[in-house]
Amino acid sequence: MTVNVTEPAPPTVDTPPPAEPAGELDKSNARVREMFRQIAPRYDLMNHLLSLNIDKHWRSQAVKRLRLIPGVPALDVCTGTGDLAIAIADAAPEGVEVVGSDFCYAMLEIARRKRVAGSRSESIDFLEADSQQLPFASNRFQCVTVAFGLRNVADTDRGLREMTRVCCEGGQVMVLEFSKPTLPGLRQIYNFYFKHILPRVGQWFARNNKSAYSYLPDSVSRFPDGQALADRMQAAGLTDVQFTPLTFGVCTIYEGTKPVSNSDPEGDPQ
Numbered sequence: 001m002t003v004n005v006t007e008p009a010p011p012t013v014d015t016p017p018p019a020e021p022a023g024e025l026d027k028s029n030a031r032v033r034e035m036f037r038q039i040a041p042r043y044d045l046m047n048h049l050l051s052l053n054i055d056k057h058w059r060s061q062a063v064k065r066l067r068l069i070p071g072v073p074a075l076d077v078c079t080g081t082g083d084l085a086i087a088i089a090d091a092a093p094e095g096v097e098v099v100g101s102d103f104c105y106a107m108l109e110i111a112r113r114k115r116v117a118g119s120r121s122e123s124i125d126f127l128e129a130d131s132q133q134l135p136f137a138s139n140r141f142q143c144v145t146v147a148f149g150l151r152n153v154a155d156t157d158r159g160l161r162e163m164t165r166v167c168c169e170g171g172q173v174m175v176l177e178f179s180k181p182t183l184p185g186l187r188q189i190y191n192f193y194f195k196h197i198l199p200r201v202g203q204w205f206a207r208n209n210k211s212a213y214s215y216l217p218d219s220v221s222r223f224p225d226g227q228a229l230a231d232r233m234q235a236a237g238l239t240d241v242q243f244t245p246l247t248f249g250v251c252t253i254y255e256g257t258k259p260v261s262n263s264d265p266e267g268d269p270q
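All the letters of the sequence shown, read from the start, carry residue numbers 1 to 270 under my numbering.
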């Protein structure tokens, strides 16, 4: 099966973002793309090391919650180096084409190298695309997922609306994202690790622009989690939104369903 890609809108020329209020996090496309380009070669190593490999468990738990059916494609946005897309392909029934999209070409190059000949990952199509303007027809994918990437989208709500738009009616939209633990003691340890340990270790290993691993704790601390993110998913048009904390709330799975339009087979409203 081939995923039909609609013609995207004409590309726009990036212009410098307007001056931000003091203390606001810069998530402009140009800044985030360049940051991930710099850390791409060691991105996987750093993810597994800094999460003590728990990130693999989180992805597996997310995949187990997908209701995958044969013959309908699945999409993973902000796919990065492709770990979630590959996990979905490995778990999917026959005839499920998996597509991974990301706007950072350097990350996609690594994802493409991970495909294994003779395995289900071999057929994953990794495409360069902005999650705020996906080049796919509406109602195309049985599920649309994102792992640790939604907080990097410049306009969170626009990204959620696009994920909802390309999802089939009755299909799933799933977000896997860092969250802030509430357990006393753990929250303080978590905050200290994210703010003081992770940036130093990340910088030492990645040897990149110093902002990359300082950006991570900032992006997590400022991003809505729990009910706040669930509310934004509902505002994007999803129903039955629920969230499941993992590892004492360090990470959370958010799930929503795209409602079925209220029309009969002839196309007339009920």
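Idealized CB from N, CA, C, for every residue including glycine.
Could you tell me if residue i is buried or exposed, where buried requires 16 or more neighbouring beta carbons within 10 angstroms of its beta carbon?
i, result
"Y190", "buried"
"D231", "exposed"
"N152", "buried"
"V260", "exposed"
"Q227", "exposed"
"K271", "This structure cannot speak to residue 271, because the chain is shown only from 1 to 270."
"D157", "exposed"
"Q142", "buried"
"R67", "exposed"
"A137", "exposed"
"G100", "buried"
"I88", "buried"
"G185", "exposed"
"T252", "buried"
"G149", "buried"
"S60", "exposed"
What is the DSSP secondary structure of residue i, counted as helix, strand or coil?
i, result
"G170", "strand"
"T79", "coil"
"V250", "coil"
"P217", "helix"
"G256", "strand"
"D240", "strand"
"A87", "helix"
"A147", "strand"
"P245", "strand"
"F36", "helix"
"N152", "helix"
"K27", "coil"
"A117", "coil"
"R232", "helix"
"A62", "helix"
"N262", "coil"
"G226", "coil"
"P41", "helix"
"T162", "The amino acid occupying residue 162 in the given sequence is Glu; Thr does not appear at that position. Note: E162 maps to helix in three-state DSSP."
"E109", "helix"
"P16", "Because the pLDDT of P16 is 33, which lies under 50, any placement of that residue in the model is unreliable, and the number read from its coordinates should be weighed accordingly. Coil."
"D157", "helix"
Am I right that residue i and residue j are in contact with their C-beta atoms under 8 Å? What's the rounded C-beta distance?
i, j, result
"Q234", "E255", "So it is not a contact: roughly 12 Å between Cβ atoms."
"Q132", "D102", "Rounded, the Cβ-Cβ distance is 12 Å, inconsistent with contact."
"T79", "F36", "That pair is no contact at about 12 Å."
"D76", "A85", "4 Å"
"T239", "Q172", "Not really, about 11 Å apart at Cβ, beyond 8 Å."
"I124", "G82", "7 Å"
"A74", "V96", "6 Å"
"A40", "I110", "6 Å"
"C168", "R140", "7 Å"
"L246", "W58", "6 Å"
Can you tell which of the options has its C-alpha closest to the C-alpha of residue i?
i, options, result
"K195", "P217, R165 and C168", "P217"
"V72", "D231, T81 and E94", "E94"
"E177", "E122, R158, K56 and Q142", "K56"
"A117", "D130, D90, Q142 and A137", "D90"
"L183", "G249, S261, V98 and S60", "G249"
"W204", "A74, S28, L45 and L186", "L45"
"R222", "T244, R120 and K180", "K180"
"P199", "S219, R187, G185 and L186", "S219"
"G237", "K27, R165 and G149", "R165"
"S28", "D225, P224, Y215 and L246", "Y215"
"L49", "M174, C104, V201 and V146", "V201"
"G159", "E169, V146 and A106", "V146"
"S119", "P135, D225 and V98", "V98"
"L69", "S51, A92, N47 and L52", "According to the sequence shown, residue 69 is Ile rather than Leu. If we check each option's Cα against that of I69, A92 comes out closest."
"E34", "S51, A106, L134 and R42", "A106"
"Y193", "P224, L52, D26 and R113", "L52"
Going by DSSP, name the residue or residues bridged to residue i.
i, result
"C104", "Answer is none; C104 lacks a bridge partner."
"P70", "DSSP output for P70 lists no bridge partner at all."
"D125", "V99"
"E177", "T252"
"F141", "C167"
Could you tell me if the beta carbon of residue i falls within a distance shorter than 7 Å of some heavy atom in the ligand ZN?
i, result
"V98", "The ligand ZN is absent from the structure shown, which contains no ligand whatsoever."
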